[in-house]
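S.K.:
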Amino acid sequence: PSTLCTYPTLPATDNNFEFQFVRDPVGTVPRLFKINGHAFDPDIPEHCILQGTTEEWLLNNNVGGSAWVHPVHIHCEEFRVLKRFVNGVEVTVPPLMTGRKDVMRLEAGQGALIKMQFRDFLGRYLIHCHNMNHEDAFMMVRWDIVPTPAALADCQMLMAANRKAEDERLAEVKREDERLTRKEEVS
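Numbers in our numbering are just positions in the sequence shown, counted from 1, shifted up by 976.
See below:
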């Protein structure tokens, strides 16, 4: 059609967040697809949101030399595309991409700035790649919508504590790998 429908003006943005879609380097075992460097863990939120707020998220497939297409699916809320990027350079958003969506196709080197309102629902939701091979290789994370500022603080503390424990565990695995490598070199 020559004229597309119009949508209401979105409220001011309360918060910004970035989701980076990456893959482990060659030689990593197992080699996983990840979001923000994390594989799926159903017990740890990647992001915490206060109900009644509006956020802008950067969906970024322009990190780490990715050569993969990721059709990014966001559960719970529809979003609107504000900007698109190719290799970090802003490009025009085609008219058919300006409507309400729940999936954003990101080619290698692409990103999209989207805006979402978190009005009615509370709970745990997912953002994941709809390429089933990537989803099966853990390219999925949980994000939570909470009812109060106190619940937001609790969610953020849980996230930080669990990520710190994960970082410490990974550092220990790396130290053990280095120790075994040195031991093999000596023998």
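Using N, Cα and C, we set each Cβ at its ideal position, and we do this for glycine too.
Looking at the strands, I want to know which residues DSSP matches up with threonine 989.
M.R.: Against the sequence shown, residue 989 aligns to sequence position 13. Beta-bridge pairing links threonine 989 to no other residue.
S.K.: Check whether the segment 1120-1134 and the segment 1090-1106 touch, using three or more Cβ-Cβ pairs below 8 Å as the test.
M.R.: yes
S.K.: Expressed to the nearest angstrom, what Euclidean distance is found between the alpha-carbon atoms of phenylalanine 995 and leucine 1035?
M.R.: Sequence index remark: in the sequence shown, residue 995 carries index 19 (1-based). Sequence index remark: in the sequence shown, residue 1035 carries index 59 (1-based). So the alpha carbons of these two residues sit roughly 5 Å apart.
S.K.: In the structure shown, what three-state DSSP assignment does arginine 1155 receive?
M.R.: In the sequence shown, the residue the question calls residue 1155 occupies position 179. Three-state DSSP puts arginine 1155 in a helix.
S.K.: Is glutamate 1053 helix, strand or coil by DSSP?
M.R.: Translated into positions along the sequence shown, residue 1053 becomes position 77. Note: glutamate 1053 maps to coil in three-state DSSP.
S.K.: From the DSSP secondary-structure annotation, give me the bridge partner or partners of alanine 1088.
M.R.: Working through the sequence shown from its first residue, we reach residue 1088 at position 112. Answer is Leu1035, Arg1060.
S.K.: Following the continuous beta strand (DSSP E) through histidine 1104, name the residue where it begins and the one where it ends.
M.R.: By one-based count along the sequence shown, residue 1104 stands at place 128. 1099-1105 is the span of the beta strand (DSSP E), which, as asked, contains histidine 1104.
S.K.: In this structure, what does DSSP give as the bridge partners for glutamine 1093?
M.R.: The count along the sequence shown starts at 1 and reaches residue 1093 at position 117. Looking at the DSSP assignment, glutamine 1093 forms a beta bridge with Thr1030.
S.K.: Can you find the residues in the same chain that come closer than 6 Å, C-beta to C-beta, to glutamine 1093, ignoring five residues on each side of it along the sequence?
M.R.: Mapped onto the sequence shown, residue 1093 falls at position 117. Hits under 6 Å: Thr1030.
S.K.: Return helix, strand or coil for leucine 1134, following the three-state DSSP convention.
M.R.: Within the sequence shown, the letter at position 158 stands for residue 1134. Helix at leucine 1134.
S.K.: Please report the Cβ distance between tryptophan 1044 and alanine 1084, rounded to the nearest whole angstrom; I am assuming they are in contact, meaning their Cβ atoms lie under 8 Å.
M.R.: The count along the sequence shown starts at 1 and reaches residue 1044 at position 68. The count along the sequence shown starts at 1 and reaches residue 1084 at position 108. Indeed, because the Cβ distance is near 6 Å, the residues count as touching under 8 Å.
S.K.: Can you name the residues that DSSP bridges to aspartate 1120?
M.R.: As a working note, residue 1120 is residue 144 in the sequence shown. In the DSSP output, where bridge partners are listed per residue, aspartate 1120 has Cys1024, Arg1100.
S.K.: Do you know whose CA, among Cys1105, Ala1129, Glu1161, Lys1150, lies nearest leucine 1008's CA?
M.R.: Working through the sequence shown from its first residue, we reach residue 1008 at position 32. Closest by alpha carbon: Cys1105.
S.K.: DSSP three-state label for leucine 980, please.
M.R.: Against the sequence shown, residue 980 aligns to sequence position 4. Secondary structure at leucine 980: coil, using DSSP grouped into helix, strand and coil.
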